[in-house]
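Written below as structure tokens is the structure these notes are about.
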Amino acid sequence: MRSHAYEITFTGRANGALRAEFDDCEVTTGPGTTTLHAELLDQAALTGLMQRISDLGLEIVNVRRIDPPPG
Amino acid sequence: MVSCIMGLPAQAAGPIGHGRPLPPIARTAGMAAGTDEAHDCPADAVCSPRHDLVLTKLRPPAPRAGLIRRDSLQALLQVGLRSKLCLVGAPAGFGKTTLLTQWCAAAGGGRVAWVALDDGDNDPTRFWTYVLEALRTVEPSLGTAALEALRGPRTDLDRTVLPGLINELSVTNEPLVLVLDDYHLVTDPSCHRSLAFFLDHAPAGLHVVLSTRADPPLPLARMRARGELGEIRIAELEFTGEEAAALLNGSMGLRLATDDVTRLAERTEGWAAGLILAGLSLRGRADTQRFIAAFRGDSRHVADFLGTEVLARQPEPIRAFLLRSSVLERLSGSLCDAALATEGSAELLAELERSNLFLVPLDDRRQWYRYHHLFAELLRAELADRDPELLPVLHQRAAAWHRRMGNTGDAIHHASTAGDFAEAAALIGRHWPTFWRRGQWATVARWLDRLPDETIMADPPAAYAAAWIRGCSGASKAETEGWLAAVEPAEGDGHAGSLPDGVSSLAFGANLTRATLLFDDVGRSVKAACRALELADPDPSPSYWMAQSALGQALYLSGEPVEAQPRLEELVVRVSAAEQPYAVVLGQAVLSLVAGDREDDRDVALARRAAVTAEAQGLSASPLCAIAYLAVGRALTRQGELAEAEEQLGRALELLEIDSMLVLRAFALLLLASVRQGRGDHVGARGTVGRAHELIERSADPGSLRACLIQSERLVASAPRRRVELATPLTERELVILRLLPTRLSSREIGRELYVSVTTVRSHVQAIYRKLGVASRAEAVAHARQVGLLLGTPPTRSHLTSNELDEYLISRLGVDSGGTRRRGVVLGRREKRPTTGLGANGRGEAVNGSDDWRPGG
Chain A
0 MRSHAYEITF TGRANGALRA EFDDCEVTTG PGTTTLHAEL LDQAALTGLM QRISDLGLEI
60 VNVRRIDPPP G
Chain B
0 MVSCIMGLPA QAAGPIGHGR PLPPIARTAG MAAGTDEAHD CPADAVCSPR HDLVLTKLRP
60 PAPRAGLIRR DSLQALLQVG LRSKLCLVGA PAGFGKTTLL TQWCAAAGGG RVAWVALDDG
120 DNDPTRFWTY VLEALRTVEP SLGTAALEAL RGPRTDLDRT VLPGLINELS VTNEPLVLVL
180 DDYHLVTDPS CHRSLAFFLD HAPAGLHVVL STRADPPLPL ARMRARGELG EIRIAELEFT
240 GEEAAALLNG SMGLRLATDD VTRLAERTEG WAAGLILAGL SLRGRADTQR FIAAFRGDSR
300 HVADFLGTEV LARQPEPIRA FLLRSSVLER LSGSLCDAAL ATEGSAELLA ELERSNLFLV
360 PLDDRRQWYR YHHLFAELLR AELADRDPEL LPVLHQRAAA WHRRMGNTGD AIHHASTAGD
420 FAEAAALIGR HWPTFWRRGQ WATVARWLDR LPDETIMADP PAAYAAAWIR GCSGASKAET
480 EGWLAAVEPA EGDGHAGSLP DGVSSLAFGA NLTRATLLFD DVGRSVKAAC RALELADPDP
540 SPSYWMAQSA LGQALYLSGE PVEAQPRLEE LVVRVSAAEQ PYAVVLGQAV LSLVAGDRED
600 DRDVALARRA AVTAEAQGLS ASPLCAIAYL AVGRALTRQG ELAEAEEQLG RALELLEIDS
660 MLVLRAFALL LLASVRQGRG DHVGARGTVG RAHELIERSA DPGSLRACLI QSERLVASAP
720 RRRVELATPL TERELVILRL LPTRLSSREI GRELYVSVTT VRSHVQAIYR KLGVASRAEA
780 VAHARQVGLL LGTPPTRSHL TSNELDEYLI SRLGVDSGGT RRRGVVLGRR EKRPTTGLGA
840 NGRGEAVNGS DDWRPGG
């Protein structure tokens, strides 16, 4: 399986209920934004997660794949 | 109604009988007995005359020529199918449907139910109708009651349809597989929620397979942890070298060297569609080497490159046909002839299928086809690029064909896509009551959403549909009034005839709507109801009685129960529930309230009858019938059955969240406040009265509710203040969990209720203990009750789903500064907002936005 770590950032600072919605991800907040960190199996999992975020009416501003350091 | 708020009642005289719901009965229920269109359904029609079901959706596509066997993948699938849910998930073109089709054929017509989903299935009624019909192709006797229940205009899935179905499935011993193809097209949250519920409770013999392009918003992590999830993902679906060779050299008859096969497989990364496209491009080409080298070197997306290649190599007539017919979801010879203004499409389609150009036959008779989704997307993009002015023409012709065939949904879809909004509006205005009666009001809502407001306004029957459907789904008074203004433009003008739902005239219809949808103005409803009755035909029709019942409700709420009573008594005697269910339910409920005012104990029976009628007519989830549960709650309060009263009122409040029911919502809140007061929950009672106060304050004309409010406020003010402030207050999540602690649910079950992991629950529970200064669950409950954080008695489920908890959470949760404020985000529950949507468009790299995220903060 080719799983990767991903970070998806959207506007707004997550509070209690939002963290509960995404309790299968690590949630961190930045200035005016929230970022979810998740280990995703493949593209289908990524699309699914982004769809969940977008279904809540949240505005995604960045999606990043974290590649493991070489060596 | 002055006596609407009771103090604590005396002890109940005896046990209260509990109504048992009647078995659903066959009927043509609806707002009025309109006429169903007689569907003239020739063989060319897509639908079955009885149900407007597209039968080809209930079977797997017929196996195409040239498919290769993928035995190891089939074996994996076989293993995956042992789980409760098997997810076959990958972007388009990986061979998901093909895999399942082959498995189906190999399983030899075993117990497999198939639904080919499309985005029209984003209506829970339609979705579950198809699922049920699919299950019935395996077990014909299954789900009869559930299908009946679904046919009601507003059925409560979780309470009425699904439990019965689940029970029936538990009885059948043999395993059964349900395949839902293209599940990614389902985006409606109630569909997801009801499917999650179904999966949660499904019996051991049922296996569900979802083929989808993206992971669905179902509790996958939880199911994975429990070993209930089987998965076939991109990694499994990628073609191996051997499989690629079998495809290219074996099935497609090319003679490629092993090296070349390997290079193609690498370049396409095992993507089935890519391999097929490459194969098609190589057919009959002498310079395979040059092509492969170019293919490897080209940095364009595989799909782009190959799609263009394949198209370019087709003779012009075929290319034109492919491009133009791509606008159609489903293709038949006759439809193509009409849409493309050509002849001989049937033969051409057969030829195309033989040459393996991504045409998928939908039935054995080779009458209906569709394109492989990815190919259709490529074709559409190419057509939009090349001949954009053709698009509206093609859609218009398709709409005309579908209209002739009686396929209303398709006709509306194509008309809207063609930009012919007036035509779409006319069709909606003519046909919507049929869909309303079948419970597919969400479908009508979606059709209306595609039309510009001006078009709806210009078509009075469509505006009437909009007023009803949107008014019952949460539109504001201003918006609804806007549409109603378009319904009756000027006195004695335009459309004098009767509307499709049997309403005698537009003016009557508009006033009936105003009478029934109270919003915040009782006086307005009284006037509108009287006006409607003036306009009514001398011979009472079902809608006449609807107006009478609306008048009764409005009169009661304006403090004139005596006036309301005789009309309603006549109504419940003369009108049958089958004919005009809303009027009967409303009438019975208001009569119960009137009786209760008089302290007449018959109010319980009357209210129960109203609730039973609503359920029997499939209206248990309709806001128009929420008053039945309100009446039951009120009657039970008088009898001292406070626990059940609270539950019934909670149920009513769930349905009354919309603007058009504001006055009733305030009324229900006042009743709920007195119940909570009676149960010792003074904090809750005060909060509830506060909410009612807000609503009544901003109402244009709350009728006699203002007097009730004053009474209630006096009542709760006199209660002792018991709340003690904690040093560190509990967070909102902790409060939610705290409310579940008095129940018998284990931490794991609490996690299930709230869609969080058991570890999360446990850590919150520890925090709760710490803040309350206790060491055990029982102590926590006791202490919380003492300081007023918990009610005196265990909460029921209705507490979690009530509007109250939502609003509390929303006020605390927040996506502040720049984010979107959302309604109704409760742990585990979702509501949809229109979004721009993200489509999976084949393979590609992840999106890269600007790098302005910084950790911390």
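Chains A and B are the protein sequences, given in the same order. Taking numbering that gives the first Met the number 0, the leading residue of the first sequence gets 0, the next gets one more, and so forth. Taking numbering that gives the first Met the number 0, the leading residue of the second sequence gets 0, the next gets one more, and so forth. Note that the Cβ used here is the ideal one computed from N, Cα and C, for glycine as well.
Rounded distance between the beta-carbons of residue j and residue i, thought under 8 angstroms
{"i": "glycine 92 of chain B", "j": "leucine 373 of chain B", "result": "4 angstroms"}
{"i": "threonine 96 of chain B", "j": "aspartate 180 of chain B", "result": "6 angstroms"}
{"i": "valine 593 of chain B", "j": "glutamine 564 of chain B", "result": "5 angstroms"}
{"i": "leucine 75 of chain B", "j": "isoleucine 231 of chain B", "result": "6 angstroms"}
{"i": "alanine 466 of chain B", "j": "threonine 479 of chain B", "result": "5 angstroms"}
{"i": "threonine 128 of chain B", "j": "leucine 146 of chain B", "result": "7 angstroms"}
Neighbour-count burial assignment, residue i, 16 or more Cβ in a 10 Å radius
{"i": "asparagine 166 of chain B", "result": "exposed"}
{"i": "alanine 42 of chain B", "result": "Here the model assigns alanine 42 of chain B a pLDDT of 42, short of 50, so the residue's position is not dependable and the matter cannot be decided."}
{"i": "serine 2 of chain A", "result": "exposed"}
{"i": "glutamate 132 of chain B", "result": "buried"}
{"i": "serine 591 of chain B", "result": "buried"}
{"i": "alanine 609 of chain B", "result": "buried"}
{"i": "arginine 675 of chain B", "result": "buried"}
{"i": "glycine 343 of chain B", "result": "exposed"}
{"i": "glutamine 288 of chain B", "result": "exposed"}
{"i": "proline 68 of chain A", "result": "exposed"}
C-alpha distance - residue i paired with residue j, whole-angstrom precision
{"i": "proline 728 of chain B", "j": "leucine 72 of chain B", "result": "54 angstroms"}
{"i": "serine 280 of chain B", "j": "valine 309 of chain B", "result": "5 angstroms"}
{"i": "tyrosine 555 of chain B", "j": "proline 202 of chain B", "result": "47 angstroms"}
{"i": "valine 301 of chain B", "j": "alanine 444 of chain B", "result": "39 angstroms"}
{"i": "proline 215 of chain B", "j": "leucine 209 of chain B", "result": "9 angstroms"}
{"i": "leucine 799 of chain B", "j": "glycine 686 of chain B", "result": "Low confidence applies here, because leucine 799 of chain B scores a pLDDT of 37, under 50, leaving its location unreliable; read the following figure in that light. Looking at the two C-alpha atoms, the distance is approximately 16 angstroms."}
{"i": "alanine 244 of chain B", "j": "glycine 278 of chain B", "result": "11 angstroms"}
{"i": "aspartate 602 of chain B", "j": "valine 583 of chain B", "result": "15 angstroms"}
{"i": "isoleucine 468 of chain B", "j": "alanine 620 of chain B", "result": "14 angstroms"}
{"i": "valine 662 of chain B", "j": "glutamate 653 of chain B", "result": "14 angstroms"}
{"i": "glycine 778 of chain B", "j": "glutamine 765 of chain B", "result": "According to the sequence as given, residue 778 of chain B is glutamate; it is not glycine. Taking the straight line joining both Cα atoms gives about 13 angstroms."}
Delimiting residues of the beta strand (DSSP E) encompassing residue i
{"i": "phenylalanine 9 of chain A", "result": "3-10"}
{"i": "leucine 618 of chain B", "result": "No beta strand (DSSP E) holds leucine 618 of chain B; DSSP gives it neither H nor E."}
{"i": "proline 360 of chain B", "result": "358-360"}
{"i": "tyrosine 370 of chain B", "result": "367-370"}
{"i": "arginine 312 of chain B", "result": "Where arginine 312 of chain B is concerned, there is no enclosing beta strand (DSSP E), given that its DSSP letter is neither H nor E."}
{"i": "tryptophan 270 of chain B", "result": "That residue, tryptophan 270 of chain B, is in no beta strand (DSSP E); it is neither H nor E in DSSP."}
{"i": "asparagine 61 of chain A", "result": "59-65"}
{"i": "alanine 485 of chain B", "result": "No beta strand (DSSP E) holds alanine 485 of chain B; the alpha helix (DSSP H) holding it covers 476-486."}
{"i": "cysteine 85 of chain B", "result": "84-88"}
Selection from the options that minimises the alpha carbon distance to residue i
{"i": "alanine 414 of chain B", "options": "B:Gly428, B:Arg429, B:Gly405 and B:Ala397", "result": "B:Ala397"}
{"i": "leucine 253 of chain B", "options": "B:Leu389, B:Gly273, B:Arg262 and B:Arg284", "result": "B:Arg284"}
{"i": "valine 755 of chain B", "options": "A:Arg12, A:Asp23 and A:Gly15", "result": "A:Asp23"}
{"i": "alanine 667 of chain B", "options": "B:Ala651, B:Arg675 and B:Arg678", "result": "B:Ala651"}
{"i": "histidine 394 of chain B", "options": "B:Arg125, B:Pro459 and B:Phe420", "result": "B:Phe420"}
{"i": "leucine 426 of chain B", "options": "B:Gly405, B:Gly438 and B:Arg436", "result": "B:Gly405"}
{"i": "alanine 613 of chain B", "options": "B:Gln579, B:Gly702 and B:Leu534", "result": "B:Gln579"}
{"i": "isoleucine 59 of chain A", "options": "A:Arg18, A:Glu38, A:Leu48 and A:Gly15", "result": "A:Leu48"}
{"i": "leucine 670 of chain B", "options": "B:Arg732, B:Leu98, B:Gly595 and B:Ser621", "result": "B:Gly595"}
{"i": "tyrosine 370 of chain B", "options": "B:Val176, B:Arg63, B:Arg437 and B:Asp303", "result": "B:Arg63"}
{"i": "arginine 403 of chain B", "options": "B:Ala337, B:Phe518, B:Ala461 and B:Phe357", "result": "B:Ala337"}
{"i": "leucine 390 of chain B", "options": "B:Ala417, B:Asp409, B:Ala380 and B:Phe304", "result": "B:Ala417"}
{"i": "arginine 436 of chain B", "options": "B:Arg158, B:Val160, B:Leu654 and B:Ala148", "result": "B:Ala148"}
{"i": "glycine 508 of chain B", "options": "B:Ser475, B:Ser542 and B:Leu517", "result": "B:Ser542"}
Continuous alpha helix (DSSP H) stretch holding residue i: start and end
{"i": "threonine 730 of chain B", "result": "Careful: threonine 730 of chain B lies outside any alpha helix (DSSP H) and carries neither H nor E."}
{"i": "glycine 470 of chain B", "result": "459-470"}
{"i": "histidine 401 of chain B", "result": "389-404"}
{"i": "histidine 413 of chain B", "result": "407-417"}
{"i": "aspartate 70 of chain B", "result": "70-79"}
{"i": "glycine 47 of chain A", "result": "42-54"}
{"i": "valine 757 of chain B", "result": "757-771"}
beta-carbon residue i near the ligand SAM non-hydrogen atom, thresh 7 angstroms
{"i": "valine 662 of chain B", "result": "The model depicted lacks the ligand SAM and carries no ligand whatsoever."}
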